[in-house]
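Here is the structure we will look at.
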Amino acid sequence: MSVWSPHFYKNSLEDIQRYKKKIAIPSVTLYSQFGKSVDPGLINDGLLKLGFDEVFDITFSCDIASETLKKDLERVEKPAISTLCPTVVRLIETEYPSLVSHLVKMLTPIEISALIIREKYQSMGFKNEDIGIFFLTPCPSWVTKISEISRNENIRINGAIPISDIYPKLLKHIKSKVKM
Numbered sequence: 214m215s216v217w218s219p220h221f222y223k224n225s226l227e228d229i230q231r232y233k234k235k236i237a238i239p240s241v242t243l244y245s246q247f248g249k250s251v252d253p254g255l256i257n258d259g260l261l262k263l264g265f266d267e268v269f270d271i272t273f274s275c276d277i278a279s280e281t282l283k284k285d286l287e288r289v290e291k292p293a294i295s296t297l298c299p300t301v302v303r304l305i306e307t308e309y310p311s312l313v314s315h316l317v318k319m320l321t322p323i324e325i326s327a328l329i330i331r332e333k334y335q336s337m338g339f340k341n342e343d344i345g346i347f348f349l350t351p352c353p354s355w356v357t358k359i360s361e362i363s364r365n366e367n368i369r370i371n372g373a374i375p376i377s378d379i380y381p382k383l384l385k386h387i388k389s390k391v392k393m
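In short: position in the sequence shown from 1, add 213, done, that's the numbering used here.
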């Protein structure tokens, strides 16, 4: 069930059921939550058991973003400020508007991932409304930012699920497979 407040809008696992294809984009921080002895494949398997059809590896999109960033840095007033953190961007826009020209405007790895995922499933014949893309995030700022990103049909991310909401279910799955 989605939860809305004036401060944020977050999704739950129930929300993914509205889509024919359900894709998780986990933050890389999710994998560090279970210790070195837990293989990332086991975490991905747990996400599939929670109802996702695919777990997208965001590191590929991080590589693309990194290459793009190298070019974009040349066009920005120095010192350059990353736009990867929604809180930093909001702070600069509201409290330090003189620094807006220092923001590196680029697609984030999350947005790049969504573009890749949508293109893949659309080429398989799925309609945009059949594809549910959810970012699994440790950060409340990203929960809010996702609603802003979702306005672009090509990038649309259908929701953000806090890692803290799915961690207990994933931990239960992992403990059933591995001695921790």
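Even glycine gets a Cβ: it sits at the ideal position worked out from N, Cα and C.
Being a predicted model, the structure only gives us computed values, none of them experimental.
Counted as a single uninterrupted DSSP element, the stretch harbouring A293 is not any alpha helix (DSSP H), since DSSP gives it neither H nor E.
When the five nearest sequence neighbours on each side are left out, the beta carbons in the same chain lying within less than 8 Å of the beta carbon of K262 are those of H386, in order along the chain. Here I346 really is in contact with I330; their C-beta atoms are around 6 Å apart, less than 8 Å.
Residue pairing from DSSP leaves V241 without any beta-bridge partner.
Per DSSP, P310 is not a residue of any alpha helix (DSSP H), being assigned neither H nor E. A check of alpha carbon separations from A278 across L320, T350, E306 identifies L320 as the nearest. At the C-beta level, A237 and L260 come within 8 Å of one another. The Cβ atoms of T357 and S240 do not sit closer than 8 Å to each other. Taking the Cβ atoms as the reference, V313 lies roughly 12 Å from A293, outside the contact range of under 8 Å.
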